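Chains as they are written, first to last, in the working numbering: chain A, 179 to 327; chain B, 179 to 327.
Here the structure comes first, spelled out in structure tokens, and everything after it is commentary.
Shown next, in the form of structure tokens:
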């Protein structure tokens, strides 16, 4: 079994998507993460759910999570609302050169699993000549490799 | 809003669960990860999907993913089958002292979000006096903090 046989369709988002719309897509479809593309439509990065959530947390709290305690309950509840109109591109940390989890169409399940495990990524992009051919999530990969009970 | 109001029921697994049963639970219920408990029922660790997948990958391939290429397609497809009867406890890397993502029942959404982001965890356990009160996933937290469109 090869990556091309396992890859599924998956929503992709441009880097200039509104960060709250990106987060809503995750919750509506219970996705494990988002795939971001650049203006040419090439895959740019994958953000697992926890790293989309991270975009909503003020940078100084990301650096020192104990500062989260200075927010009272009402302020903390407004964590997302203050970001209305901001794009994912604006909020991605500049220093953070994110690994793009990607495999070629002929990668085996062992190669795909080893890469997802190493990058701690809930999904990987199948790419051929810079074009995205689909996405493989960890749960879909497990569907394919688990023996019958 | 506090952690105790957001926490949901969530399946927990003993460390001695068969690794393939743990993986099946993920795929059946499309869970973002598993919560492992010790023999006293206390939360021990959280494994995101990618780290459950990691348990299926031979240790020398985890250390050097390029070795995945030495497997031919048929061997790679049997990645999971060879682990039948092995437990999660047996396969957890001994050197890997996993952070347990956990918050107290009065943690605010800002504290929960900052912790999930830092630990790159798709879920956190709500714990009071060593007892698990429930689980909060990233997508459930987002449900609570996203403003209406």
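All residues carry an ideal CB built from backbone N, CA and C; glycine is no exception.
Predicted, not measured: the structure shown is a model, and the values here were computed from it.
Could you give the distance in angstroms between the alpha-carbon of residue 245 of chain A and the alpha-carbon of residue 236 of chain A?
10 Å
When the Cα atoms are used, what is the spatial distance from residue 192 of chain A to residue 294 of chain A?
23 Å
Strand pairing of residue 310 of chain B, partner residues [DSSP]
DSSP output for residue 310 of chain B lists B/305 as bridge partner(s).
Measure how close the beta-carbons of residue 290 of chain B and residue 319 of chain B come, nearest whole angstrom, since I'm counting them as under 8 Å.
Rounded, the Cβ-Cβ distance is 6 Å, consistent with contact.
I need the DSSP call for residue 280 of chain B, collapsed to helix, strand or coil.
strand
Verify the CB distance criterion: does residue 269 of chain A have a CB-CB separation below 8 Å to chain B?
no
With 16 other CB atoms within 10 Å as the buried threshold, where does residue 268 of chain B fall?
exposed
Under 8 Å between the Cβ atoms of residue 283 of chain B and residue 313 of chain B?
no
Residue 214 of chain B (DSSP reduced to helix, strand or coil):
strand
The segment 194-204 of chain B contacting the segment 212-222 of chain A, beta-carbon criterion three pairs below 8 Å
no
Do you know offhand how far residue 287 of chain B's Cα is from residue 227 of chain A's?
15 Å
Who are the Cβ neighbours of residue 300 of chain B in its own chain at under 7 Å, not counting the five residues just before and after it?
210, 211, 226, 315 and 316
Residues of the segment 281-305 of chain B with Cβ closer than 7 Å to any Cβ of chain D, in chain order:
The structure shown contains no chain D; the protein chains it does contain are A and B.
Does DSSP put residue 236 of chain A in a helix, a strand or coil?
coil
Segments assigned alpha helix (DSSP H), at least 4 residues, entirely inside the segment 241-275 of chain B
251-255 and 266-269
With residue 193 of chain A as the anchor, note down where its alpha helix (DSSP H) starts and where it stops.
Looking at the DSSP string, residue 193 of chain A is not in any alpha helix (DSSP H), and its letter there is neither H nor E.
Please compile the residues from chain A whose C-beta is within a distance smaller than 8 Å of the C-beta of residue 323 of chain B.
234, 255, 257 and 258
Suppose contacts are defined by Cβ-Cβ distances below 8 Å. Is residue 213 of chain B in contact with residue 188 of chain B by that definition?
yes
May I have the straight-line CA-CA distance separating residue 278 of chain B from residue 206 of chain B, to the nearest angstrom?
One C-alpha to the other measures close to 24 Å.
Opposing strand residues paired with residue 226 of chain B [DSSP bridges]:
In the DSSP assignment, residue 226 of chain B is bridged to B/211.
For residue 190 of chain B versus residue 265 of chain B, is the C-beta distance shorter than 8 Å?
no
Where the alpha helix (DSSP H) through residue 291 of chain A begins and ends:
287-297
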